[in-house]
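Enquirer:
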Amino acid sequence: MAEEHQFRVLEFYSGIGGMHYAFDRSGHKGEILKAFDINTTANEVYAHNHGKKQLAQRNIEAVPMEFYDKQQADVWLMSPPCQPYTRTGNQEGSKDTRAKSFLYLMDILPKMEHPPNYILLENVKGFEESDSRDLLVEALATAGYEFQELLITPLQIGIPNSRMRYYCLARKTGTVGGFVHPVTGTLIGYIPATDSSNDDEQKGAQDKDFVDGRRQGDLSGLSTPVAAKKQRTGISTSAVTKEGDAAAKPDEDALLADPMLALKVDTLEQYIEFTDMSDARMERYMIPDKTLLKYGRLFDIVKSSTRRSCCFTKGYYHFVESTGSIFQMVQDKDTATIFDEAEALKSSAKARPDTESSLAEEETTKALNLLRTLGLRYFTENEVARLMGFPIVEGKFSFPKTTTLKQRYRVLGNSINVKVVGELIKYLLTSKPGSVEEKTDDTKKVEESKAEEKEEEK
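Here it is in structure tokens:
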């Protein structure tokens with residue numbers, strides 16, 4: 001029986017170690033050679049869980065190509081800064097200074113003597129429309145890689161969290177052969193199976209636990225693909241869109257609207273640490289009264305029975321809108337009704353003349369007390385980490401005591417979904433039986449055996 005290949009891995013933009021955990025989850029064997037990141041807080045969390053040995057707190061573009069060549073890594077895992085591509089950012093793409101290190105890697109890739117055989121890149125939805133994506137594809141094509149682009153959300157593997165992300169998987173075909181399944185030349189919305197079966201039952205994701213087994217969770221099946229369009233690089237891609245709307249994005253809500261699929265997504269209950277309003281931790285995570293009164297209507301509020309939560313960003317706990325969901329601990333209260341009643345009291349208070357200020361204050365207090373009955377709080381950092389696939393329960397991930405709560409949310413918001421990326425790495429590094437990779441490994445063993453024989457003859 002052939003010995004399992006030991007992969008040599010470089011982690012770029014390593015953050016709090018999401019890619020490290022994802023590689024561990026993939027089932028493949030190997031070692032992380034170096035983990036590059038310049039964020040001090042993130043590196044402290046990484047070192048707390050994995051040790052300092054692999055950490056390299058250096059600018060990626062300041063490291064000469066010769067250093068990367070010397071590592072002879074066969075896997076590159078990377079999640080470059082997303083700010084140049086986010087809808088809330090400046091969307092300057094490659095012109096943004098934060099894209100500099102990524103552009104450097106793409107520049108040296110075709111020039112390397114020992115380039116990686118496998119590459120995984122993660123970024124926000126929107127990266128696929130950027131000029132940086134064009135440069136990525138151009139570099140991969142020039143360096144002899146075959147690649148598959150994907151848009152995947154954790155909802156598809158049963159995790160109740162919306163975090164649609166762009167992924168690019170690339171294999172150096174001349175060295176390790178192609179993927180288990182032929183690349184599509186399009187942007188797909190499902191993770192292909194790790195076996196090469198032509199059976200439709202196996203074409204979706206990798207096992208029966210996936211929401212998109214039998215391709216049910218393929219987001220392109222919930223919308224209409226548009227024809228492939230020519231990109232600036234001259235290499236084609238396609239977008240998955242809603243019918244009649246070429247600018248639309250893959251629809252996570254459509255997945256949850258399908259009753260058969262929605263039931264395969266977990267409820268939030270198993271990710272929640274506490275639901276008792278008298279819990280001592282409530283004081284740390286409760287919504288401040290001023291925020292609750294003024295901005296409560298803007299919250300995305302979820303309960304234990306809910307099968308989704310909004311994407312948690314680095315602004316969670318600091319900004320109100322579009323940074324992540326708020327948890328309602330009291331299940332039997334109707335959220336909309338409570339807010340309507342509170343809003344009526346606030347409107348009445350606002351309409352009162354100065355001579356009735358005491359009555360206005362009384363109504364405002366009633367409104368606040370009414371909202372408090374919902375038991376609204378922020379998700380704890382551990383709950384967010386669990387939704388992002390970090391092994392909190394297994395005792396393999398925790399935060400150093402020196403990191404503040406705000407810092408913990410920030411580094412989590414910049415991280416990846418460990419379980420999704422773990423499945424993608426599993427697919428990326430799996431080769432077909434009798435592939436170039438397996439033949440290469442066998443050839444190496446024969447050569448080593450012959451060398452040993454010659455040495456013995458001497």
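full-length UniProt numbering applies: residue 1 is where the sequence shown begins, and numbers increase by one.
Quick reminder that beta carbons are idealized off the backbone N, C-alpha and C, glycines included.
1. Alpha carbons only, please: which of Ile287, Ala139 and Tyr145 is nearest the one belonging to Asn369?
2. Using 8 Å as the threshold, is the C-beta distance between Phe7 and His20 below it?
3. Could you pull the DSSP bridge partners for Lys34 from this structure?
4. Report the rounded CA-to-CA distance for Leu371 versus Glu381, giving the unit in angstroms.
5. Give the secondary structure of Gln270 by DSSP, where H, G and I count as helix, E and B as strand, and everything else as coil.
6. Whose C-alpha, out of Ser348, Ser162, Cys311 and Pro182, is nearest the C-alpha of Leu256?
7. How far does the beta strand (DSSP E) with Phe23 in it extend, from its first residue to its last?
8. Taking only runs of the beta strand (DSSP E) that begin and end inside the region 96-177, which ones reach a length of at least 3 residues, in chain order?
9. Should the region 388-397 be regarded as contacting the region 410-428, the criterion being three or more beta carbon pairs within less than 8 Å?
10. So which of Met282, Ala280, Pro353 and Gly413 has the shortest CA-CA distance to Ser322?
11. Take Glu4 and list the residues in its own chain whose beta-carbon comes closer than 7 Å to its own, dropping the five residues that flank it on each side.
12. Three-state secondary structure (DSSP) at Met329?
13. If we count the other Cβ atoms within 10 Å of its Cβ and call it buried at 16 or more, is Asp245 buried or exposed?
14. Among the residues of its own chain, which have a CB less than 8 Å from the CB of Ala139, if the five just before and after it don't count?
15. For Leu359, count neighbouring C-beta atoms within 10 Å of its own C-beta (all shown protein chains included) and say buried if the count is 16 or more, exposed if not.
16. Look up Val393 in the DSSP assignment and give the residues it is bridged to.
17. Go ahead and pull the three-state DSSP assignment for Ala193.
18. Straight-line CA distance for Glu66 to Pro115?
19. Mark His318 as exposed unless 16 or more other C-beta atoms lie within 10 angstroms of its C-beta, in which case mark it buried.
20. Assuming Val384 is part of the alpha helix (DSSP H), what are its boundary residues?
21. Which value, in whole angstroms, describes the spacing of the CA atoms of Val137 and Glu122?
22. What is the rounded straight-line gap between the Cα of Pro64 and the Cα of Gly395?
23. Identify every run of the beta strand (DSSP E) within the region 288-359, keeping only runs that are complete inside it and at least 3 residues long; order them along the chain.
24. Can you tell me whether DSSP reads Glu243 as helix, strand or coil?
25. Using 8 Å as the threshold, is the C-beta distance between Leu345 and Val302 below it?
26. Over what stretch of residues does the alpha helix (DSSP H) that includes Met260 continue unbroken?
27. Are Ile326 and Tyr378 close, meaning C-beta to C-beta below 8 Å?
28. What does the Cβ neighbour count give for Val45, buried or exposed, with the cut at 16 atoms within 10 Å?
29. If we count Cβ pairs, one from each stretch, closer than 8 Å, do we get three or more for the region 397-404 versus the region 282-300?
30. In chain order, what residues of the same chain lie with their CB nearer than 8 Å to the CB of Thr41, ignoring the 5 residues before and after it?
31. From what residue to what residue does the alpha helix (DSSP H) around residue 460 run?
32. Leu429 and Val265 - do their beta-carbons sit closer together than 8 Å?
33. What residue range does the alpha helix (DSSP H) around Met65 cover?
34. Since Met329 and Met277 are thought to touch, with beta carbons under 8 Å apart, how far apart are those beta carbons, to the nearest angstrom?
35. From the DSSP output, in three-state form, read off Lys426 for me.
36. Based on the DSSP output, what are the partners of Leu187 in its beta bridges?
Expert: Reading it off the structure:
1. As a position in the sequence shown, residue 369 is number 369, starting the count at 1. With respect to the C-alpha of Asn369, the residue from Ile287, Ala139 and Tyr145 having the closest C-alpha is Ile287.
2. One-based indexing of the sequence shown puts residue 7 at position 7. One-based indexing of the sequence shown puts residue 20 at position 20. Going by C-beta atoms, Phe7 is not nearer than 8 Å to His20.
3. Translated into the one-based positions of the sequence shown, residue 34 becomes position 34. According to DSSP, which records beta bridges pairwise, Lys34 is partnered with Leu10.
4. By one-based count along the sequence shown, residue 371 stands at place 371. By one-based count along the sequence shown, residue 381 stands at place 381. Roughly 23 Å between the two C-alpha positions.
5. Taking the first residue of the sequence shown as position 1, residue 270 is located at position 270. Here Gln270 sits in helix by DSSP.
6. Start at 1 with the first residue of the sequence shown, and residue 256 comes out as number 256. Nearest option by C-alpha distance: Ser162.
7. Here the question's residue 23 lines up with position 23 in the sequence shown. Unbroken run through Phe23 is the alpha helix (DSSP H), Gly18 to Arg25; no beta strand (DSSP E).
8. Here the runs fully enclosed are 118-124, 145-152 and 165-172.
9. Taking 8 Å as the limit for Cβ pairs, the verdict is that the region 410-428 does touch the region 388-397.
10. On the sequence shown, residue 322 is found 322 positions in, with the first residue counted as 1. Among Met282, Ala280, Pro353 and Gly413, the Cα nearest to that of Ser322 is on Gly413.
11. To locate residue 4, count along the sequence shown from 1; it is residue 4. Within the same chain, Glu4 has close Cβ partners Lys29.
12. As a first step, residue 329 must be located in the sequence shown, where it is residue number 329. DSSP, read as helix, strand or coil, puts Met329 in coil.
13. Translated into positions along the sequence shown, residue 245 becomes position 245. At Asp245, the pLDDT of 36 sits below 50, so the modelled position is not reliable; the number obtained from the coordinates is stated separately. Exposed.
14. Your numbering for residue 139 matches position 139 in the sequence shown. These residues qualify, in order along the chain: Met106, Asp107, Leu109 and Pro110.
15. Numbered from its first residue, the sequence shown carries residue 359 at position 359. The Cβ neighbour count for Leu359, taken over all protein chains shown within 10 Å, is under 16; the residue is labelled exposed.
16. Translated into the one-based positions of the sequence shown, residue 393 becomes position 393. BP columns for Val393 are empty, so no partner.
17. For the purposes of this step, residue 193 is taken as residue 193 along the sequence shown, with counting starting at 1. Three-state result, Ala193: coil.
18. Locating residue 66 in the sequence shown gives position 66, where the first residue counts as 1. Locating residue 115 in the sequence shown gives position 115, where the first residue counts as 1. Distance between the alpha carbons of Glu66 and Pro115: 11 Å.
19. For the purposes of this step, residue 318 is taken as residue 318 along the sequence shown, with counting starting at 1. So His318 counts as exposed.
20. Here residue 384 is taken as the residue at index 384 of the sequence shown, counted from 1. Note, Val384: alpha helix (DSSP H), Glu381 to Leu387.
21. Working through the sequence shown from its first residue, we reach residue 137 at position 137. Working through the sequence shown from its first residue, we reach residue 122 at position 122. Here the alpha carbon of Val137 sits roughly 14 Å from the alpha carbon of Glu122.
22. Start at 1 with the first residue of the sequence shown, and residue 64 comes out as number 64. Start at 1 with the first residue of the sequence shown, and residue 395 comes out as number 395. Those two C-alpha atoms are separated by around 37 Å.
23. Counting only runs of 3 or more, we get 326-328.
24. Mapped onto the sequence shown, residue 243 falls at position 243. Residue placement at Glu243 cannot be trusted, given a pLDDT of 34 that sits under 50; the coordinates are not used to answer.
25. Within the sequence shown, residue 345 is the residue found at index 345, counting from 1. Within the sequence shown, residue 302 is the residue found at index 302, counting from 1. It is not a contact, given that the beta carbons lie outside the stated cut-off.
26. Looking up residue 260 in the sequence shown gives position 260. Boundaries of the alpha helix (DSSP H) harbouring Met260: Pro259 to Ala262, taken from the DSSP string.
27. Within the sequence shown, residue 326 is the residue found at index 326, counting from 1. Within the sequence shown, residue 378 is the residue found at index 378, counting from 1. Yes; because the gap between Cβ atoms is below 8 Å, this pair is in contact.
28. Working through the sequence shown from its first residue, we reach residue 45 at position 45. Result: buried.
29. With the cut-off at 8 Å, the region 397-404 and the region 282-300 do not touch.
30. Against the sequence shown, residue 41 aligns to sequence position 41. Closer than 8 Å at Cβ, skipping near neighbours: Thr403, Gln407, Arg410 and Val411.
31. Within the shown structure, residues of the chain are numbered from 1 to 458, placing residue 460 beyond reach of any answer.
32. For the purposes of this step, residue 265 is identified with residue 265 of the sequence shown, where counting begins at 1. For the purposes of this step, residue 429 is identified with residue 429 of the sequence shown, where counting begins at 1. No, these two residues do not count as a Cβ contact at 8 Å.
33. For the purposes of this step, residue 65 is taken as residue 65 along the sequence shown, with counting starting at 1. Per DSSP, Met65 belongs to the alpha helix (DSSP H) from Met65 to Gln71.
34. For the purposes of this step, residue 329 is taken as residue 329 along the sequence shown, with counting starting at 1. For the purposes of this step, residue 277 is taken as residue 277 along the sequence shown, with counting starting at 1. Correct: roughly 6 Å between the Cβ atoms.
35. Here residue 426 corresponds to residue number 426 of the sequence shown, with the count starting at 1. DSSP places Lys426 within a helical segment (H, G or I) once states are collapsed to three.
36. What you label residue 187 is simply residue 187 of the sequence shown in a count that begins at 1. Leu187 is bridged to Glu149.
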